[in-house]
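For what it's worth, numbering that gives the first Met the number 0 labels the leading residue of the sequence shown as 0, then goes sequentially.
Even glycine gets a Cβ: it sits at the ideal position worked out from N, Cα and C.
All values reported here derive from a predicted model rather than from experimental measurement.
For reference, the structure is listed below as C-alpha cells.
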Amino acid sequence: MDRKVTQQVTRATFDEVMVPNYAPSAIIPVRGEGSRVWDQEGKEYIDFAGGIAVTALGHSNPTLVNVMREQAGQLWHLSNVMTNEPALRLAKKLTEKTFADRVFFANSGAEANEAAFKLARRYAFDNFGPEKHEIIAFYKSFHGRTLFTVSVGGQAKYKEGFEPTPGGIKHCDYNDIEQLKAIISDKTCAVVMEPIQGEGGIIPADVEFAKQVRELCDQYNALLVYDEVQSGVGRTGTLFAYEQLGVTPDVLTTAKALGNGFPVGAMLATEKAAKSLSFGTHGSTYGGNPMACAIAEAVVDIVDTPEVLGGVAKRHGLFVEGLKALNEKYHVFKEIRGMGLLIGAEMVDSLTGKAGEIIKAGAEEGLFALVAGPNVLRLAPSLIIPEQDIAEGLARLDKAIAKVVANNKAA
Ligand SMILES: Cc1ncc(COP(=O)(O)O)c(C=O)c1O
Numbered sequence: 000m001d002r003k004v005t006q007q008v009t010r011a012t013f014d015e016v017m018v019p020n021y022a023p024s025a026i027i028p029v030r031g032e033g034s035r036v037w038d039q040e041g042k043e044y045i046d047f048a049g050g051i052a053v054t055a056l057g058h059s060n061p062t063l064v065n066v067m068r069e070q071a072g073q074l075w076h077l078s079n080v081m082t083n084e085p086a087l088r089l090a091k092k093l094t095e096k097t098f099a100d101r102v103f104f105a106n107s108g109a110e111a112n113e114a115a116f117k118l119a120r121r122y123a124f125d126n127f128g129p130e131k132h133e134i135i136a137f138y139k140s141f142h143g144r145t146l147f148t149v150s151v152g153g154q155a156k157y158k159e160g161f162e163p164t165p166g167g168i169k170h171c172d173y174n175d176i177e178q179l180k181a182i183i184s185d186k187t188c189a190v191v192m193e194p195i196q197g198e199g200g201i202i203p204a205d206v207e208f209a210k211q212v213r214e215l216c217d218q219y220n221a222l223l224v225y226d227e228v229q230s231g232v233g234r235t236g237t238l239f240a241y242e243q244l245g246v247t248p249d250v251l252t253t254a255k256a257l258g259n260g261f262p263v264g265a266m267l268a269t270e271k272a273a274k275s276l277s278f279g280t281h282g283s284t285y286g287g288n289p290m291a292c293a294i295a296e297a298v299v300d301i302v303d304t305p306e307v308l309g310g311v312a313k314r315h316g317l318f319v320e321g322l323k324a325l326n327e328k329y330h331v332f333k334e335i336r337g338m339g340l341l342i343g344a345e346m347v348d349s350l351t352g353k354a355g356e357i358i359k360a361g362a363e364e365g366l367f368a369l370v371a372g373p374n375v376l377r378l379a380p381s382l383i384i385p386e387q388d389i390a391e392g393l394a395r396l397d398k399a400i401a402k403v404v405a406n407n408k409a410a
C-alpha cells in the first residue's frame, strides 16, 4: 500500500493547529545524522542539545535503525495482558547492571516517576500504615508534567493554576542537609532527588549530602528515590549517576536516553520495595512494548561499554576547555559545572536571564543548545559526538556569544 505525503506544513502551521503550550523555534528539522541535523531549507546544525539529553547515540544511529526495522517487521504491540521477549531481556539487563531487582516499564520520565511515587506511597501504606505518606523533594527539582510529578517537583510555576494538587508533599533546599533533617519524620515515605538537578540549573549533589540523605532515609524507613530521567543511561559517564555518588537508592527512574528518542521509561526497584506494586495496583497500555524495549535493549548494550562511557569523560574535558576559552574571551559565565555530558554554564550577573539569547543566536549560526532556567546555558549532546563536531559547534557558539555580547553592549 503506497502512501504519499502531500500536505505542505511550515512553522506557521504550528500556530494554527497546535495547542499553544510550546513555543518552538522557527526551524523545522527534517533529517539528522549523528550530531548533525538539517532543516526544511537544507540548513545544517550541530546538535549540542541531543533532544534534551535524549539522543545519546546520535540521530539515525545505524545500529538502532536496524534493530527498530527488525522489530517493526516482527511485533509492535501486545499490551501487558502478555509479556514479550524484548521487555524481559531489557529488564534482565537493567537488573544485572544496577542495584535493582525489579523493573516497571513506562513511556516517559513523568510516567516512570508517577510509578515511583505511587510505589513509595503504597510501600509505606503496606508496611507502616496510611499515616506514613509524606514525600519530600527539593526546590528547583523537576520530575515531569503530570499533576503528581509537578507537585513533587520543586518549581511553583509548573503548578500554578492547576491546583488543587495532591497533598502530602514537602520541599526543602537541595544540598542542605539541615533543612532536610528539620522536615523528615516518621510520616515520610520517600525522599525524591535528582543526583544532578537538570532543569533546575545543572546542579550536582554534594557527595556528603547524598550520603546523609541515604542515612536519613534509613533512619526513618523512607524510600530513597533517584530521578535519573536526565542523568541516566551514560549521560554522566557511568551507566547511572548514583554509581559516582557511592549511594544506592531503593528506586530509580530512567527515560530520555533509554530509547534514544523512541518513547520509553522505566522504574527500577529493589525486591523489597517492588512487592508493593502488586497485581492490579498500577499499569500502562504501552509500557514495556516490544518496539520500545528492543530499541532500549540495544541502547543499553551500546552505552554500557568502556568505549562509550570512557568517551564521555574525554568529551566532558573538551567541552569544559572550550567553554573556558570562550569565557576568557567574552567573560559571560560565572560558573561552568556539570557531570559528563550534562554541562551547565551560568551567566554572569550583567547577562542575567540572557541564556535564551545565546540559544537563539546559536540557531542562527547553525547550533542547537539548551537552557536550564533563564540563567544557565545547558549542553547535553550525544555521548558519541565526534570531536570535529565539538570543535565546529564551539566555533559556532563563539559567534553566537559574540553577537549576544555586542547586542547587550549596544542596548
Ligand atoms: C529529571 C527529570 N525527571 C523527569 C522528567 C520528565 O520526563 P518526560 O518529559 O519524559 O516526562 C524530566 C524531563 O526533562 C527530567 O529532566
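Remark: the C-beta of K255 is in contact range of ligand 1, defined as less than 7 Å to any heavy atom.
In this structure, A360 keeps its C-beta atom at 8 Å or more from the C-beta atom of P373.
Taken from the Cβ of H142, at least one heavy atom of ligand 1 lies inside 7 Å. Distances from the CB of I51 to the heavy atoms of ligand 1 include at least one below 7 Å. In chain order, A119, I134, A221, L222, V224 place their CB closer than 6 Å to the CB of A189, counting only its own chain and leaving out the 5 sequence neighbours on each side. Shown here, M266 sits in a strand according to DSSP, grouped into three states. With a cut-off of 7 Å, the C-beta of A25 is classified as distant from ligand 1, since no heavy atom of the ligand falls inside that distance. Counting along the chain, T148 sits inside the alpha helix (DSSP H) bounded by residues 146-151.
In the structure shown, F278 falls within a coil segment according to DSSP collapsed to helix, strand and coil. Distances taken from the Cβ of G392 to the heavy atoms of ligand 1 include none shorter than 7 Å.
Within the region 58-113, the complete beta strand (DSSP E) runs of at least 3 residues fall at 101-105.
Residue range 375-378 is occupied by the beta strand (DSSP E) that includes L376.
If the five residues before and after V299 are omitted, its C-beta is found closer than 6 Å to the C-beta atoms of K92, all from its own chain and listed in chain order. Sorting G166, S349, S140, N259 by C-alpha distance to the C-alpha of S34 places N259 at the top. With a threshold of 7 Å, the Cβ atom of D226 counts as near ligand 1, since some heavy atom of the ligand is closer than that. H281 and A405 have their C-alpha atoms roughly 54 Å apart. Within a 10 Å sphere around the beta-carbon of N407 sit fewer than 16 other beta-carbons, which makes this residue exposed. Between I183 and Y219, the CB-CB gap stays under 8 Å. With respect to G108, A136 sits apart: the two C-beta atoms are not nearer than 8 Å.
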